[in-house]
Amino acid sequence: MRETHQRYIPMKFPLLFVLLALFQPAFAAAIPVRVAVVEQTTHAAERHVPGRIEAIHTVEIRARTEGVITQVHFRDGQYVKKGDVLFELDDAEPRAAVRLAQAEVKSAEATLRQAQQQLSRFESLGNSNAISRHDVDNARMQRDVASAALEQAKARLETRNVTLAYTRITSPIDGRVGHSQFHAGSLVNPSSGVLVDVVQLDPIRIAFALEEGAFATKAGQHADISALKRAWQARIDSNGQRLSGELTSVDNRIDPRTASVMLRAEFANPRHQLLPGGNVNVYLRPASAQPVLTVPAAAVQQNGEGFFAWVVNAEGKAEKRPLKIAGQIGQQFEISSGLHPGERAITDGAQRVQPGAAVQILN
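Those letters in the sequence shown? Residues -28 to -1, 1 to 335, per mature numbering (1 follows the signal peptide of the UniProt record, and there is no 0), in order.
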């Protein structure tokens, strides 16, 4: 009995070694990773994007007639109202031209009255055959010539009045004037260039870019400005106050370099604290809370084909998922497609995994 027992024991060890050898690669192939659970939230998360301040209207003031500046009615940087006189030009010559044109109109009116009276007499004589029909026709022609001459005189008077009006250069908008290099005594004309510019400051416009994912409302469709107004509320900070604005326009194309579209919003600026050319942060908040999937930024990667993430499936193996990004809020990405609530996205160790590789979750 003792000899049989001694021969049986050695036979167990080779079998054990074989089993260990078979299972050992499976244990060694498990790659340690850390994961984050894909969450679905319904809060209206606020995002902020950089914005550029723009003037809604900028007007370049130019001379429309030639003349010497006699008065400048503003200081550089002064706020002016629509219709305020900015420059006055010497109007002696234009006024004289107006008086001359007025006299020409009176002369033409007198000539026309005389021609009309002549025609009336000739028509009476023609009816009694006292004069020929040819004389009547000539009188009528003279009346028509006098009438045309009066219209020409009136047109010249109108032109002279326009030229006279051009000697008072006014602001067409409310706004702030810039720096002018022209002063009293300067001779200006239409080729003198910009005398001064006026920039509208209230309201002010802010341009900013929004990602294509946030801009799209449905698959294959993009929102117009009305839909964006309903979807987003735009705010900015000014001197510690949060100001609300209104989305007013959306660009007609998406920038392929940034996958974003340019939008513009208008904000009240009664104190003129926001100046064109400046930069501000635009805070965008959805008008209503919508369900959204979020994952940490560490779970999102990008290659030449776009964004993707590694997910641990139900079998404990790595699976590569292409993603569509709706936006980013802090360290969280909003996902519009590619993930589902409750899935486990790899946040650490993804660089070592391959599709179908077994993983070991450490957290």
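Ideal placement from N, C-alpha and C gives every residue a C-beta, glycine not left out. For clarity, every value in this text was computed on a predicted model and none was experimentally measured.
Residue i in three-state terms, based on DSSP
i           : result
Ala(-8)     : Below a pLDDT of 50, predicted positions are generally treated as unreliable, and Ala(-8), at 49, falls in that range; no measurement from the model is reported.
Gly98       : helix
Asp116      : helix
Lys53       : coil
Gln88       : helix
residue 353 : The shown model of the chain, from -28 to 335, leaves out residue 353, and the question about it has no answer.
Gln323      : helix
Pro228      : coil
His45       : coil
Glu38       : coil
Val108      : helix
residue 422 : Any answer about residue 422 is impossible in this case: the structure gives the chain only from -28 up to 335.
Val31       : strand
Thr135      : helix
Beta-carbon spacing of residue i, residue j below 8 Å
i      : j      : result
Ile307 : Val267 : yes
Pro66  : Thr139 : yes
Val77  : Ala120 : no
Thr142 : Gly55  : yes
Lys289 : Ala330 : yes
Gly299 : Val9   : no
Val57  : His45  : yes
Val170 : Ile33  : yes
Pro294 : Phe280 : yes
Gly134 : Gly150 : Just to set this straight, residue 134 is Val in the shown sequence, not Gly. Taking 8 Å as the Cβ cut-off, Val134 and Gly150 do not qualify as a contacting pair.
Cα-Cα separation, residue i to residue j
i           : j      : result
Ser104      : Leu97  : 9 Å
Ala208      : Leu129 : For the record, residue 208 in the displayed sequence is Ile; it is not Ala. Cα to Cα, the separation comes out at about 53 Å.
Gly310      : Ile145 : 52 Å
Gln12       : Leu215 : 30 Å
Ile333      : Arg6   : 6 Å
Gln43       : Gln86  : 46 Å
Ser100      : Thr37  : 57 Å
Gln88       : Arg71  : 26 Å
Met113      : Leu61  : 44 Å
Val233      : Leu182 : 5 Å
Asn110      : Gln90  : 10 Å
Leu84       : Ile41  : 40 Å
Gly249      : Asp174 : 15 Å
Asn335      : Ile297 : 26 Å
residue 337 : Gln274 : Residue 337 is absent from the structure shown; the chain starts at -28 and stops at 335.
Val117      : Ala75  : 18 Å
Ala80       : Ala179 : 58 Å
Glu291      : Ser210 : 47 Å
Cβ separation of residue i and residue j, assumed to be a contact under 8 Å, to the nearest whole Å
i      : j      : result
Arg177 : Gly49  : No, Arg177 and Gly49 are not in contact; Cβ-Cβ is about 21 Å, not under 8 Å.
Leu200 : Leu246 : At roughly 22 Å, the Cβ-Cβ gap does not stay under 8 Å, so Leu200 and Leu246 are not in contact.
Gly212 : Glu238 : Not really, about 21 Å apart at Cβ, beyond 8 Å.
Val252 : Ile25  : 6 Å
Val108 : Glu123 : Contact flag wrong, Cβ pair sits at about 23 Å.
Ser164 : Ala64  : No, Ser164 and Ala64 are not in contact; Cβ-Cβ is about 20 Å, not under 8 Å.
Short CB-CB distance (under 8 Å) between residue i and chain C
i      : result
Ala199 : Reference to chain C is not applicable here, since this structure consists of a single protein chain.
(request) Flag this pair as touching only if the region 255 to 274 and the region 17 to 32 have three or more C-beta atom pairs under 8 Å; answer yes or no. (result) Yes: the two stretches touch, three or more of their Cβ pairs being nearer than 8 Å.
(request) Mind the definition here: the region 307 to 322 touches the region 267 to 279 only if three or more C-beta pairs lie below 8 Å; say whether that holds. (result) yes
(request) Spell out a yes or no on whether the region 151 to 165 and the region 210 to 223 are touching, meaning 3 or more CB-CB pairs, one atom from each, closer than 8 Å. (result) no
(request) Count the C-beta pairs between the region 280 to 294 and the region 228 to 242 that are closer than 8 Å, then say yes if the count reaches three, no if not. (result) no
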